[in-house]
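Here is the structure we will look at.
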Amino acid sequence: MKVKKTFALLFSSALVAGLMAGCGGNQTQETKAPAAKTAESGGPITVNQELPDSEILSKGPHGESAVSAKTLKLTEEDIKKIKEKKYKAALVMHYAGNDWSTAQVEGLKTTFTKMGIEVVAVTDAQFKAEKQVADIETVLAKKPDIIVSIPVDPVSTASAYKKAAEQGVKLVFMDNTPKDLTHGKDYVSVVSADNYGNGVEAAKIMAEKLGGKGKVGVIFHDADFFVTKQRTDAFEKTIKEKYPDIQIVARGGITGPNDGEKVAAAMLTKNPDLNGIFVVWDVPAEGALAAARTAGRNDLIITTIDLGTNVALDIAQGGPIKGLGAQLPYDQGVAEAILAGYALLGKEAPAYVAVPALKVTKDNILKAWQMVYHQDAPKDIQNAAK
């Protein structure tokens, strides 16, 4: 998500790809996953305490150390105080057409309802910075007390967010922050997945399935984005430092989600003895899967990041995709709502909060789906897992 200043003129396919990668890109099936189940009201509000207790390995967009989302909490007394004020919130999304966005918005809405906060707008910028700037202007007319948002571009949208902050709106961000906005002054906090930790999990699964020995390729995102770079760095560093008998013999870059098959096919042609491929997110991993099948390489081991429908189905079926590190967007939304509550109460909020990484394999695919989306897995995945 982190973009070089020279890259900020928009709207290249790489920018769109980076946003999709950071947010679990579009599903390739025609139907989207349904919204997560509504949580029961009453009692204190916390992020799901059954999430892994793993150490958060990611750093924030400005190098901040992470605070685990599991440590956040609003007490019943906090909630009572917030309800008395009848606050309003707006959700200014970069894109609303994928499972990640659907689950995160549902987590926010459910939690804000429990806090007595009215959600007055949910906008979809369709990956266009100029539309997001217009969305912010439209939302400000509704006089929200809170805006939760993910900037399409941290440079081009910065002035619009700055205007909101100057009007006293409490800003909570997903994954990245606009340029030159300051924590504690202009915004409350930024919440992300542990992308570095998820890259480590993908490396561990690869090593386990290869028996600690083999030749692998890496399909990385060929753009300077904070989220995707963390994933690839984590995978490669873990393999090199912990598994000396696994060699990274090929690297190929993608600039869009549909480049996976082409890059994987070329990699397999040039390296017919390749044993595995890591792909930086789930949609291009589907392309790598297609390339493996075309090449007759059902023995190839593929690992990735993000629990999309199609990769989940292949994992459940025992196909080449053996596992992944998953984001937890619903609980990310819960964390963002809690942090908004901190700001409304005048409580200090950490600069960077992350939801723990989640290892997903065939052994825990159904439980992982429930944890990620707060609903049962689709029937075809359930049947395959049996």
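Residue numbers (mature numbering (1 follows the signal peptide of the UniProt record, and there is no 0)): -21 to -1, 1 to 365. Glycine included, C-beta positions come from ideal geometry on N, C-alpha and C. Since the model is a prediction, treat every value here as computed from it, not as a measurement.
- Here the alpha carbon of aspartate 224 sits roughly 20 Å from the alpha carbon of glycine 302.
- For the 8 Å CB-CB criterion, alanine 186 and tyrosine 222 form a contact.
- Along the length of the stretch 89 to 135, whole alpha helix (DSSP H) runs at least 4 residues long occupy 108 to 119, reported in chain order.
- With respect to the 8 Å criterion, threonine 92 and methionine 72 are not classified as neighbours on the basis of their beta carbons.
- Shown here for lysine 341: same chain residues with a beta carbon closer than 8 Å to its own, the five before and five after excluded, namely Ile294, Ala295, Gly297, Lys301, Gly302, Ala364 in chain order.
- Within its own chain, the residues whose Cβ lies closer than 6 Å to the Cβ of lysine 110, once the five positions on either side in sequence are excluded, are Ala104, listed in chain order.
- For the 8 Å CB-CB criterion, valine 206 and leucine 286 do not form a contact.
- It is roughly 35 Å from the alpha-carbon of alanine 69 to the alpha-carbon of glutamine 361.
- When DSSP states are grouped into helix, strand and coil, glutamine 226 belongs to the strand group.
- The C-alpha of alanine 100 lies about 13 Å from the C-alpha of tyrosine 66.
- Fully enclosed alpha helix (DSSP H) runs of no fewer than 4 residues occupy 288 to 295, 308 to 324 of the stretch 277 to 342, in order along the chain.
- DSSP places threonine 234 in the coil class of the three-state scheme, outside both helix and strand.
- The beta carbon of lysine 338 sits closer than 6 Å to the beta carbons of Glu180 from its chain, once the five residues preceding and following it are set aside; these are given in chain order.
- Around the beta carbon of glutamine 209, 16 or more other beta carbons lie within 10 angstroms, which makes this residue buried.
- Scanning its chain for C-beta atoms nearer than 8 Å, with the 5 sequence neighbours on each side dropped, one finds around alanine 245 the residues Gly231, in chain order.
- Scanning its chain for C-beta atoms nearer than 8 Å, with the 5 sequence neighbours on each side dropped, one finds around valine 148 the residues Leu119, Pro123, Asp124, Ile125, Ile126, in chain order.
- Of the residues assessed, lysine 183 falls on the buried side of the cut-off, its CB having 16 or more other CB atoms within 10 angstroms.
- Annotated three-state conformation of serine 33 is coil, per DSSP.
- If you look at alanine 356, you'll find it isn't in any alpha helix (DSSP H); DSSP assigns it neither H nor E.
- For phenylalanine 214, the three-state secondary structure derived from DSSP is helix.
- Excluding its 5 nearest sequence neighbours in each direction, leucine 87 has C-beta neighbours in its own chain below 7 Å: Leu70, Val127, Gly312, Glu315, Ala316, listed in chain order.
- In this structure aspartate 173 is in contact with valine 334, their Cβ atoms being roughly 7 Å apart against a cut-off of 8 Å.
- DSSP places threonine 50 within a helical segment (H, G or I) once states are collapsed to three.
- The C-beta of glutamine 306 has 16 or more other C-beta atoms within 10 Å across all chains shown, which makes the residue buried.
- Looking at the DSSP output, serine 44 shares a beta bridge with Lys38.
- Sorting Tyr166, Ile129, Met153 by C-alpha distance to the C-alpha of alanine 143 places Tyr166 at the top.
- Phenylalanine 205 sits in a helix when the DSSP states are folded into three classes.
- In the structure shown, the three-state DSSP call for tyrosine 66 is coil.
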